[in-house]
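Asker: Chains as they are written, first to last, in this note's numbering: chain A, 677 to 1043; chain B, 364 to 634.
Think of the CB as a built atom: it goes at the ideal place given N, C-alpha and C, for glycine as much as any other residue.
Dropping the structure in here first, questions after.
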Amino acid sequence: MSTSEIAMTTTLTADGAGRATLLSIRSVAKCFGKNVVLRDISLDVAEGEFLTVLGESGSGKTTLLRIIAGFETASAGEVWMGEERLDRQPPYRRRVNTVFQHYALFPHLTVEQNVAYGLRVAKRPEAEIASRVAEALAKVRMSAHAKSKPAKISGGQQQRIALARALVNRPRLLLLDEPLSALDANLRRQMQVELKSLQREVGISFIFVTHDQEEAMVMSDRIALLRSGELEQVATPREIYGRPATAYAAQFIGHTNLLKGEVRGGIVRCGSLTWPAALPDGPALFSLRPENIRLVADNSAKDGGVRVRGRVLQQAFHGATELIRADCGDGLVLVVRTPGSGGTLNEVELEFNSADAVLVRESPERI
Amino acid sequence: MPPLAWVTVFLLMPYLLMFCYSFWSVSESQTIVHSWSLANYGQLLRVDVYWQTLLRSMWIAGRVTIFSLVLGYPLAYFLSFYAGKKKDLLYQLVIIPLWVSYLVRAYAWKTILGSDGVLNTLLQYVHLTKHPLEFLLYSPFAVVLTLTHIYTPFAFLPIYAALEHIPRNLVEGSHDLGATPGQTFWKVIFPLSIPGVVAGATFAFVLSLGDFLAPLLLGGPSGIMISNIVVSLFGAAYNWPLGAAISFCMLLLVVSLLFFSERLEKKWSFS
């Protein structure tokens, strides 16, 4: 590892602060005929950052990636990389490489020739190609399969080769289009860890596209949540989970209780619940995570939390935790995640801190 | 079972019969003598006209193959990669000539190439030539031209199919890795289309090698091909045994060609 790479690794651990912007997406929009796929997307990606574009299928996440790679042209807006306008260059001039969803390995070339492809077309000297290819294959632990054809190796191995083939060119930015979606659950978890540590090691910015919120949480420095072609929220996993900006973000990332309340005179009223909040009068929507609600003994002293009694509708044991659905009257049903309740319950006394009820914006329906 | 019976009765038996004929001979009184000898095969090697015509036929078929590929490949490539919405229409346009009778197409060339034909009239009209160009018709040139016209779609079709089967993300992958469109063509698209090229070349070569109508109608004396000799041996000359011997040699040639092209196609397919 060179000194610059070490320096990058150290900044990486510093929670993303103070890094230079590498890629700048400015007001990008895309329509296919009358179908608007992306609307006014603006997003910056920092040097060495692992950014995940998270969204359901049809949210436009792959289109956004293809615009950055150069396989689609934006209908409006600009993409900049440093001082360079990226979106006017053909894909083969961009210092961006892609790991495709189905890997797109060349079937007529061996693993080694696949990895060497980018260096060969760039007409690097053969000695350099050989050493860089060997290094890249070693990095993804595929040296033993150098002479195999892609059809002869497993999906997980193809995945690694696709990664090596992209990284060997030392791009400034690596795009990954749902690269783990074709793998089975176990291999997937293993690859998530590998991919993340590889990214730390090489210090290249990654833009990772996925529909899997768990994957996004595990791997990313920041998550850009995309919904129907618009950015819903861009934040670190902790922030987006703890402080979701919209009802959609709260529901898409993790589970949540959405509480529709009414604020009057600094007091929120939601069914039988009330708590103080410094908010203007009017309707308000709150997200309350199930794990932020506690079960309390009937006779315990109140410690400043919001309390409510509920009748248990459903109790599901998950091992480390237990999910309880409780009817708290007035149409209010709360989902609670507790560390083991000790047995079957009928009535429960629930408590949460008012600070954990996070004000969120409504997510209006979009076509 | 029925397919096997079908092949046996209508394909293998006639071939076997032909194989037997190739060892027999014709008597003075024009009857087939069922005595076994290699005389017919000996005659093929001894008499110049037979093997020379066979070589000329292969030379004609070879040229037809090359021209069909040179025309068919760019057409298939354009249709597959750049035709966009017009793809289906253009594809139909390539296919339509196959629906037109072979004879009509051959006669059309006769009309175009003849000494009072469209081409010669035009050339004289614009004063490029003073007299009709004689080599246009009744020449190997006319045969190659006509056969190329007729068999280009046969070369086109497998190439087009091969190109259509190339996953487009491989092309994107190549561009993504920094390869220009030209590099992408030579390093990815062309290698992956080789099975189609081999199949197309085989079609064009085998079909034109065995053709007898184009040389009959447009070849003249210098454009005779091996099949014309076979036809006349089985017809007017009434020498079925010699005709059968030539046919068997051609069959052997074609079958070994198919065998090699099959091997080549297998070697270059990866799906």
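1) Among B:490, B:506, B:393, B:568, which has the Cα closest to the Cα of residue 472 of chain B?
2) Are residue 899 of chain A and residue 728 of chain A touching if we call contact CB-CB under 8 angstroms?
3) Is the region 521-533 of chain B touching the region 549-562 of chain B in the sense that three or more CB pairs, one from each, lie closer than 8 angstroms?
4) Can you find the residues in the same chain that come closer than 7 angstroms, C-beta to C-beta, to residue 986 of chain A, ignoring five residues on each side of it along the sequence?
5) With C-beta atoms as the reference, is residue 1012 of chain A less than 8 angstroms away from residue 971 of chain A?
6) Please report how far the alpha carbon of residue 552 of chain B lies from the alpha carbon of residue 633 of chain B, in whole angstroms.
7) Verify the CB distance criterion: does residue 933 of chain A have a CB-CB separation below 8 angstroms to chain B?
8) Kindly indicate which residue of A:968, A:1018, A:903 has the alpha-carbon position closest to the one of residue 1029 of chain A.
9) Smallest Cα separation from residue 908 of chain A: which of A:708, A:730, A:711, A:701?
10) Helix, strand or coil: which one does DSSP assign to residue 1090 of chain A?
11) Who are the Cβ neighbours of residue 686 of chain A in its own chain at under 7 angstroms, not counting the five residues just before and after it?
12) Rounded C-beta distance between residue 805 of chain A and residue 795 of chain A? I'm assuming under 8 angstroms.
13) Skipping 5 residues on each side, what residues in its chain have a beta carbon closer than 7 angstroms to that of residue 677 of chain A?
14) I want to check one thing, is the minimum distance from the CB of residue 1025 of chain A to the heavy atoms of the ligand GTP below 7 angstroms?
15) Starting from the C-beta of residue 761 of chain A, find all residues in its chain whose C-beta is less than 7 angstroms away, skip the five residues before and the five after it, and write them out in chain order.
16) Would you say residue 825 of chain A reaches chain B, if we count a Cβ-Cβ gap shorter than 8 angstroms as a contact?
17) May I ask you to report which of helix, strand or coil DSSP gives residue 612 of chain B?
18) Return the residue from the list B:537, B:393, B:378 that minimises the CA-CA distance to residue 601 of chain B.
19) Please say whether residue 745 of chain A and residue 574 of chain B have beta carbons closer to each other than 8 angstroms?
20) Per DSSP, which residues does residue 446 of chain B bridge with? Please list them.
21) Identify the continuous alpha helix (DSSP H) that holds residue 829 of chain A and give its terminal residues.
22) Could you list the residues in the region 777-797 of chain A with a C-beta less than 7 angstroms from some C-beta on chain B, going in chain order?
23) Comparing the C-beta of residue 972 of chain A with each C-beta of chain B, is any distance below 8 angstroms?
24) State yes or no: is the beta carbon of residue 668 of chain B nearer than 8 angstroms to at least one beta carbon in chain A?
25) Within the chosen definition, does the region 836-843 of chain A reach the region 767-779 of chain A through at least 3 CB pairs nearer than 8 angstroms?
26) Could you check whether the Cβ of residue 1082 of chain A sits closer than 8 angstroms to any Cβ belonging to chain B?
27) Closest Cβ-Cβ distance between residue 541 of chain B and chain A: below 8 angstroms?
28) Pick helix, strand or coil for residue 403 of chain B, following the three-state DSSP scheme.
29) Closest to residue 579 of chain B by C-alpha separation, out of B:396, B:439, B:465, would be which residue?
30) Sorted by chain position, which residues of the same chain lie with C-beta nearer than 6 angstroms to residue 605 of chain B's C-beta, five sequence neighbours on each side aside?
31) Consider the Cβ of residue 594 of chain B: report whether some Cβ of chain A lies at a distance smaller than 8 angstroms.
32) Between residue 774 of chain A and chain B, is any beta-carbon pair separated by less than 8 angstroms?
33) Based on the DSSP output, what are the partners of residue 1074 of chain A in its beta bridges?
34) Residues of chain B with CB under 7 angstroms from residue 711 of chain A, in chain order?
35) Determine the burial state of residue 879 of chain A: buried for a count of at least 16 other Cβ atoms within 10 Å of its Cβ, exposed for fewer.
36) Taking the straight line between their C-alpha atoms, what separation do you get for residue 364 of chain B and residue 884 of chain A?
Answerer: On the basis of the supplied data:
1) Walking along the second sequence from the start, residue 472 of chain B turns up at place 109. Looking at the Cα atoms, B:506 is the closest of the given residues.
2) Here residue 899 of chain A refers to the residue found at position 223 when the first sequence is read from its first residue. Here residue 728 of chain A refers to the residue found at position 52 when the first sequence is read from its first residue. In this structure, residue 728 of chain A lies closer than 8 angstroms to residue 899 of chain A by Cβ.
3) Taking a cut-off of 8 angstroms on C-beta distances, the region 549-562 of chain B touches the region 521-533 of chain B, as three or more cross pairs fall below it.
4) For the purposes of this step, residue 986 of chain A is taken as residue 310 along the first sequence, with counting starting at 1. Once the five neighbours on either side are set aside, the close Cβ partners of residue 986 of chain A are 1002, 1003, 1004, 1010, 1024, 1026.
5) If you number the first sequence from 1, residue 1012 of chain A lands on position 336. If you number the first sequence from 1, residue 971 of chain A lands on position 295. In contact: residue 1012 of chain A and residue 971 of chain A (Cβ atoms closer than 8 angstroms).
6) Residue 552 of chain B sits at position 189 when you count from the first residue of the second sequence. Residue 633 of chain B sits at position 270 when you count from the first residue of the second sequence. Their backbone Cα atoms lie some 13 angstroms apart in a straight line.
7) By 1-based counting over the first sequence, the position of residue 933 of chain A is 257. Not closer than 8 angstroms to any Cβ of chain B, the Cβ of residue 933 of chain A fails to qualify, so no.
8) Counting from one through the first sequence, the residue named residue 1029 of chain A turns up at place 353. The residue with the shortest Cα to Cα distance from residue 1029 of chain A is A:968.
9) Working through the first sequence from its first residue, we reach residue 908 of chain A at position 232. Answer by Cα proximity: A:730.
10) Outside the shown range of chain A, which is 677 to 1043, sits residue 1090 of chain A, and nothing can be said about it.
11) Residue numbering aside, residue 686 of chain A sits at position 10 when the first sequence is read from its first letter. Low local confidence applies: a pLDDT of 36 at residue 686 of chain A is under 50, so the model's placement there is unreliable, and no value is given.
12) The residue given as residue 805 of chain A occupies position 129 in the first sequence. The residue given as residue 795 of chain A occupies position 119 in the first sequence. Yes, residue 805 of chain A and residue 795 of chain A are in contact; Cβ-Cβ is about 5 angstroms, under 8 angstroms.
13) Position 1 of the first sequence, counted from the start, is the residue given in the question as residue 677 of chain A. Any reading at residue 677 of chain A must be qualified, since the residue scores a pLDDT of 41, below 50, and its modelled position is unreliable; no value is offered.
14) The ligand GTP is not among the ligands present in this structure, which contains no ligands whatsoever.
15) Numbered from 1 along the first sequence, position 85 holds the residue referred to as residue 761 of chain A. Around residue 761 of chain A: 754.
16) Residue 825 of chain A sits at position 149 when you count from the first residue of the first sequence. It does: the Cβ of residue 825 of chain A has a partner Cβ on chain B nearer than 8 angstroms.
17) Along the second sequence, one-based indexing puts residue 612 of chain B at 249. Three-state DSSP puts residue 612 of chain B in a helix.
18) Residue 601 of chain B sits at position 238 when you count from the first residue of the second sequence. Of B:537, B:393, B:378, the residue nearest in Cα terms is B:393.
19) Position 211 of the second sequence, counted from the start, is the residue given in the question as residue 574 of chain B. Position 69 of the first sequence, counted from the start, is the residue given in the question as residue 745 of chain A. Result no, Cβ atoms of residue 574 of chain B and residue 745 of chain A do not sit closer than 8 angstroms.
20) Residue mapping note: residue 446 of chain B aligns to position 83 of the second sequence, counting from 1. Answer by DSSP bridge pairing: none, since residue 446 of chain B is not bridged.
21) On the first sequence, position 153 is the one that residue 829 of chain A refers to. Neither: residue 829 of chain A is in no alpha helix (DSSP H) and is coded neither H nor E.
22) 778, 780, 782, 783, 784, 793, 794, 797
23) Position 296 of the first sequence, counting from 1, holds the residue named residue 972 of chain A. By this cut-off, residue 972 of chain A is not an interface position.
24) Examination of residue 668 of chain B is not possible in this model, given that chain B is present from 364 through 634 alone.
25) yes
26) Chain A is shown from 677 up to 1043; residue 1082 of chain A falls before or after that span and cannot be answered.
27) Locating residue 541 of chain B in the second sequence gives position 178, counting from the first residue. Yes, its Cβ sits closer than 8 angstroms to a Cβ of chain A.
28) Indexing the second sequence from 1 puts residue 403 of chain B at position 40. Looking at residue 403 of chain B - three-state DSSP - the assignment turns out to be helix.
29) Residue mapping note: residue 579 of chain B aligns to position 216 of the second sequence, counting from 1. Of B:396, B:439, B:465, the residue nearest in Cα terms is B:465.
30) For the purposes of this step, residue 605 of chain B is identified with residue 242 of the second sequence, where counting begins at 1. 403, 596, listed in sequence order.
31) For this step, residue 594 of chain B is matched to residue 231 along the second sequence. For residue 594 of chain B, the answer is no, since every Cβ of chain A falls outside 8 angstroms of its Cβ.
32) Numbered from its first residue, the first sequence carries residue 774 of chain A at position 98. Taking Cβ atoms only, chain B reaches closer than 8 angstroms to residue 774 of chain A, which makes this a yes.
33) Nothing can be reported for residue 1074 of chain A: it is not among the residues displayed for chain A, which extend from 677 to 1043.
34) Here residue 711 of chain A is taken as the residue at index 35 of the first sequence, counted from 1. Correct list: empty, because the minimum Cβ distance to chain B is about 17 angstroms.
35) Against the first sequence, residue 879 of chain A aligns to sequence position 203. Counting Cβ neighbours within 10 Å, residue 879 of chain A comes out buried, since at least 16 surround it.
36) For the purposes of this step, residue 364 of chain B is taken as residue 1 along the second sequence, with counting starting at 1. For the purposes of this step, residue 884 of chain A is taken as residue 208 along the first sequence, with counting starting at 1. Each residue's alpha carbon lies about 56 angstroms from the other.
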